[in-house]
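Chains H and V, in that order, are what the protein sequence lines are. For the first sequence, counting from 1, position 82 maps to 690 in the numbering used here; every step adds exactly one. For the second sequence, counting from 1, position 348 maps to 956 in the numbering used here; every step adds exactly one. Every residue gets a Cβ at the ideal spot worked out from N, C-alpha and C, and that includes glycine. Reading through the structure tokens given below for one structure.
Protein chains: 2
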Amino acid sequence: MKNLKLGIFGFGCVGQGLHHVLQQSDSVNSEIVKICIKDLKKSRPLDASYFTDNKDELLQNEEIDVIVELIDDADAALEIVTAAMNAGKSVVSANKKMIAEHLETLLELQSKNKVSFLYEAACCASIPIIRNLEEYYDNDLLTSVEGIFNGSTNFILTKLLADGLPFAQVLKEAQDLGFAESDPRLDVEGIDAKYKLCILLFHAFGLITKPDDIFNYGISKINEFDIDYAQKHGYTIKLIAKCRRVNDAIEAYCIPTFVPTGSVLSQTSNEYNAVILESAFSESQLLYGKGAGDKPTGSAVLSDISALNYDYKYEYKKQHKNDGKFGLSEDFNLKLFVRYNGVSPILEDFDSIEEKYSSDRGNFLVGHIKLHELKKSEWLEDDTINAILLND
Amino acid sequence: MKNLKLGIFGFGCVGQGLHHVLQQSDSVNSEIVKICIKDLKKSRPLDASYFTDNKDELLQNEEIDVIVELIDDADAALEIVTAAMNAGKSVVSANKKMIAEHLETLLELQSKNKVSFLYEAACCASIPIIRNLEEYYDNDLLTSVEGIFNGSTNFILTKLLADGLPFAQVLKEAQDLGFAESDPRLDVEGIDAKYKLCILLFHAFGLITKPDDIFNYGISKINEFDIDYAQKHGYTIKLIAKCRRVNDAIEAYCIPTFVPTGSVLSQTSNEYNAVILESAFSESQLLYGKGAGDKPTGSAVLSDISALNYDYKYEYKKQHKNDGKFGLSEDFNLKLFVRYNGVSPILEDFDSIEEKYSSDRGNFLVGHIKLHELKKSEWLEDDTINAILLND
């Protein structure tokens, strides 16, 4: 058993909780030696000798074995993480944007420097989904991973469908409660969920992608008409990120989806996240927990630190096994509900139209459309058009 | 990567599904070489050359690396597993009764013979709870594990509370549907759930127990009065197995429990199982899936076989870490609802009584009682008395 010395970047609630728990734990045999922060003048609950605003005091400190990166800025985080690994230090990070966008670089860094880079907190915070994909679903029997990966949008959707308030008002409430960022675009447009999907695509199927490769569609255009449709048809609406293997092709997207009321995904409310795994024998497994917040993030970071005590590394078995075998496919059909009030969707983009409805309140169609057609359709971005996935 | 040769005991649906999936998988690089069954005359979907009724043709077969034990009889299973490990073969088993009752012996066998013994399917079938306790919750930060560990009783309770039918009728329905054994005592009295709790006590806290050490109370006495109480107070009733660490003491029991309607445990219906883990930062995690049946069991067995390809062993870190530190405690209070129609519970057994109610329909009290008092109280076993745990 090691006695790991930690250098921490960022000392918000996660960092503070981490310090508290490490002091109490017998077995996570680690101690914080130095903390790098932006503002040295701010009052802190620890002795001033812990703090520095000079990152090299951590990165070039030979006493420090592990860098724990807990800052928001993805570019600054990449710089820190790169320098840390190049200095032979293992790294724990929660920065999903950085990881999703620079996965290949980060893999090379850890391989070149023979260090470990763990990031369980980057995907659904406290839900140990990466570790389960690495360790338990370490074979080719996995067929799909899907779920609710973003707590802010799930909070908004829960309120939107329960209270029938307009989107802007619910968003404001979420922001006031701290469940949504002041710039909510990353959450609301499904980009944050997509970052997590990119990371899971790699651990589920060994597939390296860029966030730009994955289709995402947001929740901000959902209106009363859509909610009414959902409720009349026994659905709720959830922002679902999904990847699925069909033979050697991987299908992946992040789209608001009608989910049957009573299903486990429909019951995943507010800031909770859920991940459903489908595997051999077609049996589905659910992992459920808080997907954001200080404590859930802290508990995942702590588990990573604990694993480093045993020299744990992700083995990336899927990448080695599936190397080049699986590719991202956009040539598959989505069954889509498209509601429109002004501009009409272009019917020729659809493989088939199952239903059409028009009224004074709004119009909709239900049709099958290939993902590559959907991605390039301009009508989809019109303010008066909204699309929601219908699963059978 | 190995090419594991498997010898299988038992060839029901799990064995057959396993054969099917192994043929399709590229990465679970294993093949079945021999299958031991009781009745050679029964028609089988595989070539007759696979089958034998002589167990030594598997146990003494040097070609076979791994024995997969899929039979019901715990005593026969112990014999097979013992002989297999002594012959230097790794073992995969789903036999919770055998494992719970002979844990210490089985640990010695695998250590002495330097083989691996995996049994994920023995706890909540497809839910990877053992692996998560071993790998992800591999430190002393875990504080409690609880859940619904038995699908048959959960099916019965779901029907009992939804339809208001008498217990005997619901039990009959469950038996007709194959969700309960013809001798349902192991399920209904909470003994099966207790076996799983014993296994989890070891992987959660490193504590070796015997099933007889753990208190269990069944669901067969739940009547209309109890159900009415639950519904009026916003509860449903679930058979909950729980273990919890309080400093160096471990509390463990398996008791029907009032669970708030709307909570995730209340929403775990029919044959589903759920496990809730509480860890540092007080954040709870839920794992959810089918807890019984051929496919869920098969998928867990398959994951164990897949792990053996990488020489995976349970490391039993908790046992090494907590060696002798944690002991089972019975000196803690349970808040109990006790309904009685004839005989009265002995009030002196309780630390305190919070409520008393009497009517023509029945009487109840709500009180705090130490587990060691509850265990020895004879009134608890009276046919006209039923106890259900109340959590705050």
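For a contact meaning CB atoms closer than 7 Å, what does H/N747 contact in chain V?
Indexing the first sequence from 1 puts residue 747 of chain H at position 139. Under the 7 Å cutoff, chain V gives S633, S635, V636, S914.
Evaluate contact between the segment 680-700 of chain H and the segment 861-879 of chain H, counting only Cβ atoms and requiring at least three cross-stretch pairs below 8 Å.
no
Quick check on V/E775: does DSSP put it in helix, strand or coil?
To locate residue 775 of chain V, count along the second sequence from 1; it is residue 167. A small fix is needed here, since residue 775 of chain V is Phe in this sequence, not Glu. If DSSP states are grouped into helix, strand and coil, V/F775 belongs with the helices.
Hey, how far is the Cα of H/L982 from the Cα of V/N878?
As a working note, residue 982 of chain H is residue 374 in the first sequence. As a working note, residue 878 of chain V is residue 270 in the second sequence. Going by the C-alpha atoms only, they are around 39 Å apart.
Using a C-beta cutoff of 8 Å, does H/Y744 count as contacting chain V?
Looking up residue 744 of chain H in the first sequence gives position 136. H/Y744 counts as touching chain V.
With H, G and I counted as helix, E and B as strand and the rest as coil, what does DSSP make of H/C806?
As a first step, residue 806 of chain H is located in the first sequence; it is residue number 198 there, counting from the start. H/C806 falls in the helix class under three-state DSSP.
Mark V/V854 as exposed unless 16 or more other C-beta atoms lie within 10 angstroms of its C-beta, in which case mark it buried.
Residue mapping note: residue 854 of chain V aligns to position 246 of the second sequence, counting from 1. Looking at its Cβ environment, which holds fewer than 16 other Cβ atoms inside 10 Å, V/V854 is exposed.
Which of the residues in the segment 895-906 of chain H, read from start to end, lie with their CB under 7 Å from any CB of chain V?
L895, Y896, G897, K898, K903, P904, G906
Given H/F775, which residues of its chain have a CB within under 7 Å of its CB, disregarding the five upstream and five downstream residues?
For this step, residue 775 of chain H is matched to residue 167 along the first sequence. Hits under 7 Å: L768, S828, I830.
Just to confirm the assignment: which complete alpha helix (DSSP H) runs, minimum length 4, are found wholly within the segment 681-761 of chain H?
682-694, 704-709, 711-721, 737-743
Using three-state DSSP, classify V/K650 as helix, strand or coil.
For the purposes of this step, residue 650 of chain V is taken as the residue at position 42 of the second sequence. Three-state result, V/K650: coil.
Considering only the beta carbon of each residue, do V/G935 and V/D856 sit closer than 8 Å?
On the second sequence, position 327 is the one that residue 935 of chain V refers to. On the second sequence, position 248 is the one that residue 856 of chain V refers to. Yes, they are a contact pair.
Comparing the C-beta of H/S887 with each C-beta of chain V, is any distance below 8 Å?
In the first sequence, counting from the first residue as 1, residue 887 of chain H sits at position 279. For H/S887, the answer is yes, since a Cβ of chain V falls inside 8 Å of its Cβ.
Would H/T761 be called buried (16 or more neighbouring beta carbons within 10 Å of its own) or exposed?
If you number the first sequence from 1, residue 761 of chain H lands on position 153. So H/T761 ends up on the buried side.
Would V/S760 pass as an interface residue toward chain H - the criterion being a Cβ-Cβ separation below 8 Å?
Counting from one through the second sequence, the residue named residue 760 of chain V turns up at place 152. So no, V/S760 is outside the interface.
Cα separation between H/A812 and H/T751?
For this step, residue 812 of chain H is matched to residue 204 along the first sequence. For this step, residue 751 of chain H is matched to residue 143 along the first sequence. If I take the Cα positions, the gap works out to 9 Å.
Burial state of V/K846, where buried means 16 or more other Cβ atoms lie within 10 Å
What you label residue 846 of chain V is simply residue 238 of the second sequence in a count that begins at 1. Buried.
Which of helix, strand or coil does DSSP assign to H/A900?
One-based indexing of the first sequence puts residue 900 of chain H at position 292. Three-state result, H/A900: coil.
Using a Cβ-Cβ cut-off of less than 8 Å, list which residues of the segment 647-660 of chain H approach chain V; keep chain order.
none
Per the contact definition of three or more C-beta pairs closer than 8 Å, is the segment 717-734 of chain V in contact with the segment 886-902 of chain V?
yes
Note down, in chain order, every chain V residue with its Cβ under 8 Å from the Cβ of H/I848.
Numbered from 1 along the first sequence, position 240 holds the residue referred to as residue 848 of chain H. What H/I848 touches in chain V: nothing, since even the nearest Cβ is about 17 Å away.
Any C-beta of chain H within less than 9 Å: which residues of the segment 715-738 of chain V qualify?
E728, A733, S734, I735, P736
If you drop the 5 nearest sequence neighbours on each side, which residues of the same chain put their C-beta closer than 6 Å to that of V/K613?
In the second sequence, counting from the first residue as 1, residue 613 of chain V sits at position 5. For V/K613, where only same-chain residues beyond five positions count, the Cβ hits under 6 Å are V641, E671, I672, D673.
Is any beta-carbon of chain V found at less than 8 Å from that of H/V872?
For this step, residue 872 of chain H is matched to residue 264 along the first sequence. It does; some Cβ of chain V falls within 8 Å.
Quick one: list the residues of chain H neighbouring V/Q875, beta-carbon separation under 7 Å, in chain order.
The sequence position of residue 875 of chain V within the second sequence is 267, counting from 1. In chain order: Q875.
Candidates H/Q631, H/K663, H/L654, H/N637: which alpha carbon is nearest H/I645's?
To locate residue 645 of chain H, count along the first sequence from 1; it is residue 37. Comparing Cα-Cα distances from H/I645 to each of H/Q631, H/K663, H/L654, H/N637, the minimum goes to H/K663.
Against chain V, with Cβ distances strictly below 8 Å, would H/L910 count as a contact?
Here residue 910 of chain H corresponds to residue number 302 of the first sequence, with the count starting at 1. Yes, its Cβ sits closer than 8 Å to a Cβ of chain V.
Alpha carbon to alpha carbon, how far is V/D834 from V/Y843? Give it in angstroms, no decimals.
Within the second sequence, residue 843 of chain V is the residue found at index 235, counting from 1. Within the second sequence, residue 834 of chain V is the residue found at index 226, counting from 1. Taking the straight line joining both Cα atoms gives about 11 Å.
Counting only C-beta atoms, is V/K929 closer than 8 Å to chain H at any point?
As a working note, residue 929 of chain V is residue 321 in the second sequence. It does: the Cβ of V/K929 has a partner Cβ on chain H nearer than 8 Å.
H/Q893 CB to nearest chain V CB: under 8 Å?
Taking the first residue of the first sequence as position 1, residue 893 of chain H is located at position 285. At least one chain V Cβ lies under 8 Å of H/Q893.
Please report the distance separating the alpha-carbon of H/L648 from that of V/L944.
Looking up residue 648 of chain H in the first sequence gives position 40. Looking up residue 944 of chain V in the second sequence gives position 336. When rounded, the distance between both Cα atoms is 53 Å.
Would H/C862 and H/K802 be called neighbours here (beta carbons separated by less than 8 Å)?
Sequence index remark: in the first sequence, residue 862 of chain H carries index 254 (1-based). Sequence index remark: in the first sequence, residue 802 of chain H carries index 194 (1-based). Going by C-beta atoms, H/C862 is nearer than 8 Å to H/K802.
Can you confirm whether V/N611, when its beta carbon is compared against all beta carbons of chain H, has any partner nearer than 8 Å?
Sequence index remark: in the second sequence, residue 611 of chain V carries index 3 (1-based). No, because no Cβ of chain H sits closer than 8 Å to the Cβ of V/N611.
I'd like to know whether the C-beta of V/G625 is nearer than 8 Å to at least one C-beta of chain H.
Translated into the one-based positions of the second sequence, residue 625 of chain V becomes position 17. Yes, contact with chain H.
Quick one: using the 10 Å Cβ neighbour count with 16 as the cut-off for buried, is H/G950 buried or exposed?
Against the first sequence, residue 950 of chain H aligns to sequence position 342. Exposed is the call here.
Could you say which of V/L997, V/R969, V/E963, V/D836 lies nearest to V/G979 if we only look at CA atoms?
Your numbering for residue 979 of chain V matches position 371 in the second sequence. Gly is not the amino acid found at residue 979 of chain V; the sequence shown has Leu there. V/L979 has its Cα closest to that of V/L997, out of V/L997, V/R969, V/E963, V/D836.
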